[in-house]
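Just so you know, the protein sequences line up as chains A and B, in that order. Take 35 as the starting number for the first sequence in the working numbering and just add one per residue. Take 35 as the starting number for the second sequence in the working numbering and just add one per residue. No residue lacks a Cβ here, since even glycine has one placed at the ideal position from N, Cα and C. Worksheet: one structure, shown below.
2 protein chains.
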Amino acid sequence: MPDDVPQQSAFDAATAVHPGADGVATAVLDPGWDVGGGVLNGGYLLSVAARAALLASPHPHPVALSASYLRAAAAGPATLTATPGPAGRTLAHTAVLLADATGPALSVQVTTATLGADAPEVALPVPAGVTPVEGCLSIAGHAHLAPPGVTVPGLTRQVETRLDPLTAGWVLGTPGEEPVLRAWVRFADEREPDPLALVTFADALPPTSWALGRFGWAPTVQLQVLVRALPAPGWCLVEARAGEIAGGWLDEDYRIWDSTGRLVAQSRQLARAPRG
Amino acid sequence: MPDDVPQQSAFDAATAVHPGADGVATAVLDPGWDVGGGVLNGGYLLSVAARAALLASPHPHPVALSASYLRAAAAGPATLTATPGPAGRTLAHTAVLLADATGPALSVQVTTATLGADAPEVALPVPAGVTPVEGCLSIAGHAHLAPPGVTVPGLTRQVETRLDPLTAGWVLGTPGEEPVLRAWVRFADEREPDPLALVTFADALPPTSWALGRFGWAPTVQLQVLVRALPAPGWCLVEARAGEIAGGWLDEDYRIWDSTGRLVAQSRQLARAPRG
């Protein structure tokens, strides 16, 4: 391919949606964005749904997305039915239902708007003491250290994830006492971040319970993502924290800063807690 | 009324829903739960929607709710159309659309489950240094100090709200520098808290920007509430914090603890920021 024809990034290819009749778009869900066992990552699926919402919206950026994960979506052909709601100069609402060959898998409410270059009046700073990216641990590079029974997910090959060693004791067999994970992330092909990328990054880390040495899959039940600003190029810093693990439930609270230290996204999800 | 006939609480009366045909329930939205200017409180509306979801669910408790506020709902008759989704032994999904006489106002995804008496394995503790309820400021008792142009909302008469003086400088004309509000809350008629009450409490404080002396209404765009446990009787402690105020947008992040200090609910909303 000649140098002057930009190649589509893996993320853009894997989240592409194609407009269809009556507000029903189509996509092909990519098996390469799984979290193990063929289960597609929830943030990846939400980015696909966000693209379908943008097709139906007068605004270019998803700023709030709330998704109910009805069941695991299978890789392969999918339909995305977008139902526009009220739309105005400031924001627009759209509902999106993602269905695979078996039926509905993900129901999403998307608010779109137009993000600008406004400096924040108030913004949470980057946590103190974060390890610079060059001092962090590559998850992909430590795949041979994966906990027993945990397959290395495709997601970690798509999203380069560098764990802050301060929250990565579990990788080396010495789990910590706080359900917190912190990592620098970017796409492996160095596609720069944008609001759609932040939607994937907002669910891209392993379950925070892994920090405690409790491994296993933590299926997302409901996920809300807020995109607060257009991210600058470069690595994003992601911090995920569980506020409570109880009765088989776990929440995960994400904050994402861009390479300039600006808070650019937040998310919270309710998930089922891994056993054990 | 004889002593042995319990009177229905104001909250239970104001959030009552009546089953109808084809999954369409009815309610009468109570003008007494406004946040000023006749605008009904978002948490109150979400509790009404939660009741409609429970009618359609095999489980008794809302554990995750995500709502898009399409436009302000008017007091008076409303319909609630519940569409059941997948339901199992652990959880069930239901979509609820609340419409007033004009049309759809609130679109909600509700996950229901059965909360038990599980002790948490991990839970965020009550913040250090919280002022005991007897040392806090009653919002209703300071109504005469309401900022210029701010009408005293009905909500403050329904939900007794005692502001921690450490975050209440704005009440006395000396705003702080952090967008944080903390208060003890309970229903004015002392109805005890339950999951439905927590849904209202998760949006019951004034906008956190008031802590900075920026008064005005901050309309909710999207709100997610997680209910994590059955709350013990008594006052609940609510802390609300904005992570970022930028470009006309504001997030509000709530944590709610019950009278035993157990984290019982969390919420996050994206709202429009009051103009400076």
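Same chain, Cβ closer than 8 Å to residue i, neighbours up to 5 away in sequence not counted
i, result
"B/Met-35", "Bear in mind that a pLDDT of 46 at B/Met-35, under 50, signals an unreliable position, so the number given afterwards is only what the model happens to contain. Excluding positions up to five away in sequence, the list reads Gln-41."
"A/Val-160", "Leu-271, Trp-291 and Gly-295"
"A/Glu-211", "Leu-246"
"A/Ser-43", "Phe-221, Asp-223 and Arg-225"
"A/His-52", "Ala-59, Thr-60 and Ala-61"
"B/Leu-158", "Arg-289 and Leu-297"
Chain-ordered chain A contacts of residue i [CB-CB under 8 Å]
i, result
"B/Pro-120", "Leu-104 and Arg-105"
"B/Ser-100", "Ser-100, Ala-101, Ser-102, Gln-143, Gln-256 and Gln-258"
"B/Leu-297", "Gly-277 and Glu-278"
Neighbouring residues, chain B, relative to residue i (Cβ below 8 Å)
i, result
"A/Thr-113", "Near A/Thr-113 there are no residues of chain B at all, since even the closest Cβ is about 17 Å away, more than 8 Å."
"A/Pro-149", "Looking at the sequence itself, residue 149 of chain A is Leu, so the reference to Pro does not match. The answer, in chain order, is Gly-281."
Rounded Cβ spacing between residue i and residue j (contact assumed at less than 8 Å)
i, j, result
"B/Pro-187", "B/Leu-215", "About 15 Å separates the two Cβ atoms, so there is no contact after all."
"A/Val-58", "A/Leu-132", "Actually they are not in contact, since the Cβ atoms of A/Val-58 and A/Leu-132 sit about 11 Å apart, beyond 8 Å."
"B/Val-156", "A/Ala-276", "6 Å"
"A/Leu-88", "A/Ala-101", "Not quite, the Cβ-Cβ distance comes to about 15 Å (not below 8 Å), so this is no contact."
"B/Leu-99", "B/Val-259", "5 Å"
"B/Pro-265", "B/Leu-232", "6 Å"
"B/Gly-122", "B/Thr-254", "About 31 Å separates the two Cβ atoms, so there is no contact after all."
Member of the options whose CA lies at the smallest distance from the CA of residue i
i, options, result
"A/Pro-92", "A/Val-144, A/Pro-154 and A/Val-298", "A/Val-144"
"A/Val-130", "A/Gly-210, A/Gly-119 and A/Pro-65", "A/Gly-119"
"A/Ala-238", "A/Val-193, A/Gly-169, A/Arg-302 and A/Pro-227", "A/Val-193"
"A/Ser-301", "B/Gln-256, B/Val-156 and B/Ala-307", "B/Gln-256"
"A/Ser-293", "A/Pro-227, A/Arg-105 and A/Val-233", "A/Pro-227"
"B/His-142", "B/Arg-85, B/Ala-274 and B/Ala-153", "According to the sequence displayed, residue 142 of chain B carries Val and not His. Nearest option by C-alpha distance: B/Arg-85."
"A/Gly-150", "A/Thr-113, A/Ala-263 and A/Ala-121", "A/Ala-263"
"B/Thr-165", "B/Gly-282, B/Ala-121 and B/Trp-218", "B/Trp-218"
"B/Leu-140", "B/Ala-126, B/Ala-299 and B/Ala-108", "B/Ala-108"
"B/Trp-251", "B/Ala-61, B/Leu-74 and B/Ala-48", "B/Leu-74"
"B/Glu-168", "B/Trp-269, B/Ala-126, B/Gly-137 and B/Trp-283", "B/Trp-269"
"A/Pro-154", "B/Asp-285, B/Gln-303, B/Val-298 and B/Leu-297", "B/Asp-285"
"A/Thr-195", "A/Ala-236, A/Tyr-103 and A/Pro-111", "A/Ala-236"
"B/Asp-64", "B/Tyr-103, B/Gly-137 and B/Leu-189", "B/Leu-189"
"B/Ala-135", "B/Gly-110, B/Ala-116 and B/Asp-152", "B/Gly-110"
"B/Gly-137", "B/Thr-113, B/Ala-162, B/Val-261 and B/Thr-254", "B/Thr-113"
"B/Arg-105", "A/His-127, A/Phe-45 and A/Ala-55", "A/His-127"
Within chain A, partners of residue i - CB distance below 7 Å
i, result
"B/Leu-125", "Val-255"
"B/Val-156", "Pro-213, Ala-276, Glu-278 and Ile-279"
"B/Ala-83", "Per Cβ cutoff of 7 Å: no residues; B/Ala-83 is ~13 Å from chain A at best."
"B/Asp-152", "Ala-280 and Gly-281"
"B/Ala-129", "Ser-141"
Nonlocal neighbours in the same chain, by C-beta distance under 7 Å from residue i, ignoring five residues either side
i, result
"A/His-176", "Val-205"
"A/Arg-309", "Gly-250"
"A/Ala-307", "Ser-243, Ala-252, Ile-279, Gly-282, Trp-283 and Leu-284"
"A/Ala-50", "Ala-61"
"B/Ala-147", "His-93, His-95, Val-97, Thr-124 and Leu-125"
"A/Asp-198", "Val-164, Thr-165, Cys-170, Arg-216 and Ala-217"
Contacts around residue i, its chain only, beta-carbon distance under 6 Å, and the 5 residues preceding and following it disregarded
i, result
"A/Pro-209", "Gly-203, Leu-246 and Gly-247"
"A/Tyr-78", "Trp-67 and Thr-234"
"B/Gly-72", "none"
"A/Ala-47", "none"
"A/Asp-152", "none"
Amino acids of chain B, ordered along the chain, whose beta-carbon sits closer than 9 Å to that of residue i
i, result
"A/Arg-302", "Gln-258, Leu-260, Asp-287, Gln-300, Ser-301 and Arg-302"
"A/Val-97", "Val-255, Gln-256, Trp-283 and Leu-304"
Contact test: residue i Cβ vs the ligand HEM heavy atom, cutoff 8 Å
i, result
"A/Arg-302", "No copy of the ligand HEM occurs in the structure displayed, which carries no ligand at all."
7 Å Cβ cut-off: residues of chain B touching residue i
i, result
"A/Ala-263", "Ala-280"
Tell me the start and end of each unbroken beta strand (DSSP E) in the region 77-130 of chain B that is at least 3 residues and wholly inside, in chain order.
95-103 and 110-121
For a minimum of 4 consecutive residues, which ranges assigned as the alpha helix (DSSP H) are wholly contained in the region 38-71 of chain A?
44-48
Just list the alpha helix (DSSP H) runs in the region 197-262 of chain B, keeping only unbroken ones of 4 residues or longer that don't cross its boundaries, in chain order.
For the region 197-262 of chain B, the full-length alpha helix (DSSP H) segments reaching 4 residues or more read 229-235 along the chain.
List in chain order: all unbroken beta strand (DSSP E) runs of 3+ residues lying wholly within the region 260-306 of chain B.
270-275, 278-280, 283-291 and 297-306
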